[in-house]
Amino acid sequence: MRDYSYAIPILFLLPAIGILFFLQFVGWGWNINIVLHDVTVMNILREWQFVGLENFRETILDPQTLTSLKNTAIYTGACVSLQLVIGTVIAYFLYRAVPRVEKFFRPMFILPWLTSVLIAAFGWELLFSTDVGLINLMLTTIGIPKVDFFGGSVTAMVSIIVANTWWGTPFTILFIGSGMTSISPQLVEVSKIDGASEWMFFTRVAIPMLLPFIVMDIVLTTVWTFNGYALILEMTGGGPLNATRVLPLHAYLAAFESGDFSYGAAITIFSVVITLILVYFYFRVADIEMV
Amino acid sequence: MSEKATRVMILIGYALFSLLPLYWLASVSFQQEFNFPPKPLPTDPTLSHYTTLFSKPSLVVSIINSILIGIMTAILSVLISSMAAYAFGKLKFAGKKIVFLGVILTFLLPPNLNIVPLYSLFAEMGLLDNRFALIFLYQILILPLNIFLFINYFDTIKESIVESAIVDGAGPIRRFYRIFLPLSKPAIVAGFIFGFRFSWGEYIFAQTFIRSRAQMLFPATLQQAVYGGQYTVNYDLMAAGAMVLLVPTLAVLIFGQDYLEIGLQLGGVD
């Protein structure tokens, strides 16, 4: 080996890896630093007082933390299941469609995923609105009184789940769809000749073949739904009465609305640990192609 | 035959669901008044909400800021992710696997998760309220995806071209900017689109890290303008603003779909 064999890779890697690892891993380290001190919006740039594990005690004893965990489980569970079922079915139908039909529908299906999270939030806020809501218009047309979707805790949760499903399902369509390209079309024909129905082919052949993709998809959508609180922050702000306050949003609001950064950092650690456990399952299943 | 008809019906149904919020944003953006019941189709369409939007200096400034930051974020991302991809894909060095594992981990972990420590870190570095700091911050959203994209694209470049360059005496740095980069135009365009898209639509960091009007990006200013009144929502700005926010996405779908497909396929998504 010539001596430049280290200098050159480092030169090429440094800008990207430096930024990436600084923001991610130095961020984690700094987070621990914040947790061990008492940091608020008042003293963020001044001296911090060391408080040890006091912030963890505070977060664990806070009933809001438990509420957030419960909300997170409901929200993530519902969103991931809906995205998986709808996404897999749509991906399968696209796979079975003739190329012309597939080409026609695909851009429409990807569109929500390409839009800003703010568009997803605004669009569904308008649809569910009591003033300009199309959904309330339809309800009143069939004789059901108007529903204040963002006023009730259950309906608010339903609203954000619908919006997230709209926004997130295209990923599953793309991801499971890419897995389906490995199922040869002849297989469908052969099983048809053998007398298998469409449903039997889907459940007995396609799903088992796609299993690794499905598991990876579940992990990815869980991690992203779990942490993707931007939509909720915009649509409900965690309300009404904390009914849609999920764990990472709990951290965000603690830090940036109540000004308690140490509290937010403690919750962040919970979120990171939960996420890392999920990611571990991803690595167990995914056959990651190492360069 | 009926099985096929059911399939098509479901595809149409899902297409309607996909388009519904966008249709409704468009429809509301042209409506005169916002009293219940709304009209499914605007009967007397007006452009006045767009005029209102573009007559607010803070919104216009933030649109320009967003375009500027989006372009700079995308260019930086393409430049440094192609370099990193070249090192991962085409150079040999010890510790490659562990570094690459870190990149995958960063891809899997959503950046929103780190917002509390990053805010404090940026405060320490004096980078708060500086729109140019977002160019670096946004790399965390884009770099992993673009690195995967370039690794996969570089693999499609023929070995024979690379080998003849080696015979001609081109070293690893020269091979990168004389062969790999010039031959990767589709990946560069796709990477640019990804970079711009993430930066353009992001609003959590934009809203939290930037406070002064002159520095703000469009999603953050729009969000504030929509909730300008304490208890009222400005539906006019909400709908018209969302349509403006949608323009780059639609432009990509209409003019850049081939590049988008390349990006989705090679970015490891598809």
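Which chain is which? The protein sequence lines are C and B, in order.
Numbered by our numbering, the letters in the first sequence go through residues 84 to 374 in order.
Numbered by our numbering, the letters in the second sequence go through residues 39 to 308 in order.
Ideal placement from N, C-alpha and C gives every residue a C-beta, glycine not left out.
It should be emphasised that the depicted structure is a prediction, and the values quoted were computed from it without experimental measurement.
Residue closest to residue 29 of chain B, alpha-carbon to alpha-carbon, out of C:217, C:203, C:123 and C:88: Outside the displayed range of chain B (39 to 308) lies residue 29 of chain B, so it cannot be described from this structure.
So for residue 69 of chain B, helix, strand or coil by DSSP? Three-state result, residue 69 of chain B: coil.
Neighbour-count burial assignment, residue 300 of chain C, 16 or more Cβ in a 10 Å radius: Residue 300 of chain C is buried by the Cβ-count criterion.
Within 8 Å (strictly less), CB to CB, does residue 269 of chain B reach chain C? No - not a single Cβ of chain C is within 8 Å of the one on residue 269 of chain B.
For residue 133 of chain C, the residue or residues it bridges with in DSSP: In the DSSP output, where bridge partners are listed per residue, residue 133 of chain C has C:120.
Quick one: which chain B residues come within Cβ less than 7 Å of residue 340 of chain C? Going along chain B, no residue has its Cβ under 7 Å from residue 340 of chain C, so there is no contact; the nearest lies around 11 Å.
Separation of residue 277 of chain B from residue 271 of chain B, as counted between CA atoms: Each residue's CA atom was taken as its position, placing residue 271 of chain B and residue 277 of chain B some 11 Å apart.
Using a Cβ cut-off of 8 Å (strictly closer), state whether residue 98 of chain B contacts chain C. No, residue 98 of chain B lies away from the interface with chain C (no Cβ there is under 8 Å from its Cβ).
Can you list the residues of chain B that residue 364 of chain C reaches, using a CB-CB cut of under 7 Å? Contact of residue 364 of chain C with chain B by beta-carbon distance below 7 Å is absent, the smallest such distance being about 11 Å.
If we define contact as Cβ-Cβ less than 8 Å, is residue 312 of chain C a contact residue for chain B? It does: the Cβ of residue 312 of chain C has a partner Cβ on chain B nearer than 8 Å.
Going by CA-CA distance only, name the one from B:95, B:281, B:302 and B:80 that's closest to residue 202 of chain C. Out of B:95, B:281, B:302 and B:80, B:281 has the C-alpha closest to the C-alpha of residue 202 of chain C.
Residue span of the alpha helix (DSSP H) that contains residue 263 of chain C, given as start and end: Residues 236-263.
Is DSSP giving residue 300 of chain C helix, strand or coil here? In the three-state scheme derived from DSSP, where H, G and I count as helix and E and B as strand, residue 300 of chain C is classed as helix.
Write down the C-beta distance between residue 284 of chain B and residue 150 of chain C rounded to the nearest angstrom, noting that I regard them as a contact closer than 8 Å. Residue 150 of chain C and residue 284 of chain B do not touch by the CB rule: their CB atoms are close to 35 Å apart, not below 8 Å.
Just to confirm, is the Cβ distance from residue 300 of chain B to residue 224 of chain B under 8 Å? Yes, the pair counts as a contact, with Cβ atoms nearer than the cut-off.
Closest by C-alpha distance to residue 180 of chain B, when choosing among B:207, B:242 and B:112: Ranking the options by Cα distance to residue 180 of chain B, first place goes to B:112.
Take every Cβ of the segment 209-220 of chain C, pair it with every Cβ of the segment 69-76 of chain B, and state whether three or more of those distances are shorter than 8 Å. Touching, yes, given that three or more Cβ pairs across the two stretches are closer than 8 Å.
Assigned secondary structure, residue 296 of chain B (DSSP; H/G/I helix, E/B strand, else coil): Correct three-state label for residue 296 of chain B: helix.
Short of 7 Å in beta carbon distance, which residues of its chain neighbour residue 238 of chain C, apart from the five on each side in sequence? Order them along the chain. Sequence-distant Cβ neighbours of residue 238 of chain C in its own chain, meaning closer than 7 Å and more than five residues away, are 230 and 232.
Name, please, each residue of chain C whose Cβ falls closer than 7 Å to the Cβ of residue 136 of chain B. Residues of chain C passing the Cβ test: none, with the nearest at roughly 10 Å.
Leaving out the 5 sequence neighbours to the left and right, which residues in its chain are closer than 8 Å to residue 232 of chain B when beta-carbon positions are compared? Cβ neighbours of residue 232 of chain B beyond the five flanking positions: 112, 115, 180, 183, 184, 187, 301 and 305.
Does DSSP put residue 274 of chain B in a helix, a strand or coil? In this structure, residue 274 of chain B counts as helix in the three-state DSSP scheme.
Thinking C-alpha only, which one of C:331, C:307, C:346 and C:302 is nearest residue 365 of chain C? The shortest C-alpha separation from residue 365 of chain C is found at C:302.
Going by beta carbon distance, what residues of the same chain come within less than 8 Å of residue 294 of chain B, once the five residues before and after it are set aside? Taken in chain order, the residues that qualify are 227 and 231.
Which residue from C:223, C:119, C:275 and C:289 puts its Cα closest to that of residue 140 of chain C? That would be C:119, whose Cα lies nearest to the Cα of residue 140 of chain C.
Indicate whether at least one CB of chain B lies closer than 8 Å to the CB of residue 335 of chain C. Interface with chain B (8 Å Cβ-Cβ cutoff): residue 335 of chain C is included.
Assuming the contact rule is C-beta atoms closer than 8 Å, residue 249 of chain C and residue 59 of chain B should be a hit. Round their C-beta distance to whole Å, please. About 7 Å separates the two Cβ atoms, so the contact holds.
Distance, Cα to Cα, residue 186 of chain C vs residue 292 of chain C? If I take the Cα positions, the gap works out to 24 Å.
is_contact[residue 177 of chain B, chain C] using C-beta, thresh 8 Å: Closer than 8 Å: yes.
From the DSSP output, read off the bridge partner residues of residue 343 of chain C. Residue 343 of chain C is bridged to C:123.
Counting contacts by CB-CB distance shorter than 8 Å, is residue 242 of chain B in contact with chain C? Yes, residue 242 of chain B counts as interfacial toward chain C.
Chain-order list of residues whose beta-carbon lies under 6 Å from that of residue 214 of chain B (same chain, five-residue window excluded): Around residue 214 of chain B: 124.
Residue 199 of chain C in three-state terms, based on DSSP: Three-state DSSP puts residue 199 of chain C in coil, outside helix and strand.
By alpha-carbon positions, which one of C:162, C:189, C:331 and C:270 ends up nearest to residue 241 of chain C? In terms of CA proximity to residue 241 of chain C, C:162 leads the group C:162, C:189, C:331 and C:270.
So, are the CB atoms of residue 119 of chain B and residue 99 of chain C less than 8 Å apart? Yes, they are a contact pair.
What three-state label does DSSP hand residue 90 of chain B in the structure shown? For residue 90 of chain B, the secondary structure class from DSSP, reduced to helix, strand or coil, is helix.
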